[in-house]
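Asks: Here it is, the structure in full.
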Amino acid sequence: DQQVKQNSPSLSVQEGRISILNCDYTNSMFDYFLWYKKYPAEGPTFLISISSIKDKNEDGRFTVFLNKSAKHLSLHIVPSQPGDSAVYFCAASGRGSTLGRLYFGRGTQLTVWP
Amino acid sequence: DSGVTQTPKHLITATGQRVTLRCSPRSGDLSVYWYQQSLDQGLQFLIQYYNGEERAKGNILERFSAQQFPDLHSELNLSSLELGDSALYFCASSDLAPDTQYFGPGTRLTVL
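The listed protein sequences correspond, in order, to chains A and B.
Each residue of the first sequence is one higher than the one before, counting from 9 in the working numbering.
Each residue of the second sequence is one higher than the one before, counting from 526 in the working numbering.
What follows is the structure in structure tokens.
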């Protein structure tokens, strides 16, 4: 039962343009959401997070938007750079039985071309 | 560098064998988490320890066990290994839950 879904396995964007990665979740107990970036043969690297009390969080070129009513979040990267090419994972955590553990989507492979 | 270390980086073993994976959390982090990443299942939570005590359990097989020691490092023990146990095993640590988890570089286990 995949409680966090990333429906686009891949995304290709030109350098300098915006990259938008999407994520949907099903469990209403989730109240903390994170994005991780992963290169081959390395562990996931934390990028940015958002609490359910907010609908937007920015950190430099990265912005995460949360739409609780739609159970949807997105990561915007502006401007995209070739070094951003990696697999991006959306993850969620929350209260009760979901406390502490992260539920991950399957990831989206972002390719930024010059 | 996340500050989380894992050893070994690679492990090749045979079916039926037992292996131990080791993780050292970031300085000051009391929580340690273990995740398995396989091709068909993605990143799956296995187990969490907080300050030496088991806190949460996920999809961890009975053949697998873990512990966290007084110095806060953790070990994941995998026994009676099967071909399907071949995967990347990641350790993560955090200060408090819910909080950002920082991941180690992983151990790639290959069972032949």
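Cβ coordinates follow ideal geometry from the N, Cα and C atoms, glycine included.
(1) Residues in the region 46-57 of chain A with C-beta within 9 Å of chain B's C-beta atoms, listed in sequence order?
(2) Roughly how many angstroms separate the alpha carbons of Pro73 of chain A and Leu19 of chain A, rounded to a whole number?
(3) Roughly how far, in whole angstroms, is the beta-carbon of Ala617 of chain B from the beta-carbon of Gln562 of chain B, given that I think they are within contact range, below 8 Å?
(4) Does Gly108 of chain A have its Cβ less than 8 Å from a Cβ in chain B?
(5) List the residues of chain B that Phe97 of chain A touches, going by C-beta distances under 8 Å, in chain order.
(6) Show which residues of chain B have a CB atom less than 9 Å away from the CB atom of Leu42 of chain A.
(7) Taking the Cβ atom as the reference point for each residue, do Gln566 of chain B and Gly583 of chain B lie within a distance shorter than 8 Å?
(8) With distances taken Cα to Cα, identify the nearest neighbour of Pro122 of chain A among A:Gly91, A:Leu83 and A:Gln11.
(9) Figure out for me which residue from B:Phe615, B:His535 and B:Gly609 has the closest Cα to the Cα of Ala591 of chain B.
(10) Look up Asp32 of chain A in the DSSP assignment and say whether it is helix, strand or coil.
(11) Confirm, please, whether the CB-CB distance from Gln573 of chain B to Arg109 of chain A is below 8 Å.
(12) Per the contact definition of three or more C-beta pairs closer than 8 Å, is the region 545-554 of chain B in contact with the region 33-45 of chain A?
(13) Provide the residue span of the beta strand (DSSP E) that contains Gly567 of chain B, from first to last.
(14) In or out: Gly24 of chain A buried (at least 16 other Cβ within 10 Å) or exposed?
(15) Would DSSP call Leu74 of chain A helix, strand or coil?
(16) How would you label Ala49 of chain A, buried or exposed, when you count the other beta carbons within 10 angstroms and need 16 or more for buried?
(17) Within 10 Å of its beta-carbon, does Val21 of chain A have 16 or more other beta-carbons around it, so buried, or fewer, so exposed?
(18) Secondary structure at Gly102 of chain A, three-state DSSP: helix, strand or coil?
(19) Output yes or no for whether 8 Å exceeds the beta carbon distance between Gln638 of chain B and Thr625 of chain B.
(20) Would you say Gly609 of chain B lies against chain A (beta-carbon separation less than 8 Å)?
(21) In or out: Pro595 of chain B buried (at least 16 other Cβ within 10 Å) or exposed?
(22) Determine the DSSP secondary structure at Asp67 of chain A, reduced to helix, strand or coil.
(23) Please classify Tyr575 of chain B as buried or exposed, where buried requires at least 16 other C-beta atoms within 10 Å of its C-beta.
Replies: Judging by the given coordinates:
(1) Within the region 46-57 of chain A, contact with chain B at the beta-carbon level (separation under 9 Å) is assigned to Lys46, Ala49, Glu50, Gly51, Pro52, Thr53, Phe54 and Ser57.
(2) Note that residue 73 of chain A corresponds to Phe in the displayed sequence, not to Pro. So the alpha carbons of these two residues sit roughly 18 Å apart.
(3) Not quite, the Cβ-Cβ distance comes to about 12 Å (not below 8 Å), so this is no contact.
(4) At least one beta carbon of chain B lies nearer than 8 Å to the beta carbon of Gly108 of chain A.
(5) Here the neighbours are Leu568.
(6) The contacting residues are Thr625 and Gln626.
(7) Not closer than 8 Å, so no.
(8) Nearest C-alpha to Pro122 of chain A: A:Gly91.
(9) Its Cα nearest to that of Ala591 of chain B, the residue B:Phe615 stands out among B:Phe615, B:His535 and B:Gly609.
(10) If DSSP states are grouped into helix, strand and coil, Asp32 of chain A belongs with the strands.
(11) Yes. Within cutoff.
(12) As far as the Cβ criterion goes, the region 33-45 of chain A does not touch the region 545-554 of chain B, which means the pair count is below three.
(13) Annotation: the continuous beta strand (DSSP E) that includes Gly567 of chain B extends over Gly567 to Tyr575.
(14) Burial call: exposed.
(15) Strand at Leu74 of chain A.
(16) Ala49 of chain A comes out exposed.
(17) Val21 of chain A comes out buried.
(18) Correct three-state label for Gly102 of chain A: strand.
(19) Because chain B in this structure spans residues 526 to 637, residue 638 of chain B falls outside the shown range and cannot be described.
(20) Gly609 of chain B does not count as touching chain A.
(21) It is exposed - the Cβ of Pro595 of chain B has fewer than 16 other Cβ atoms within 10 Å.
(22) DSSP, reduced to helix, strand and coil, places Asp67 of chain A within a strand of the structure shown.
(23) That one is buried.
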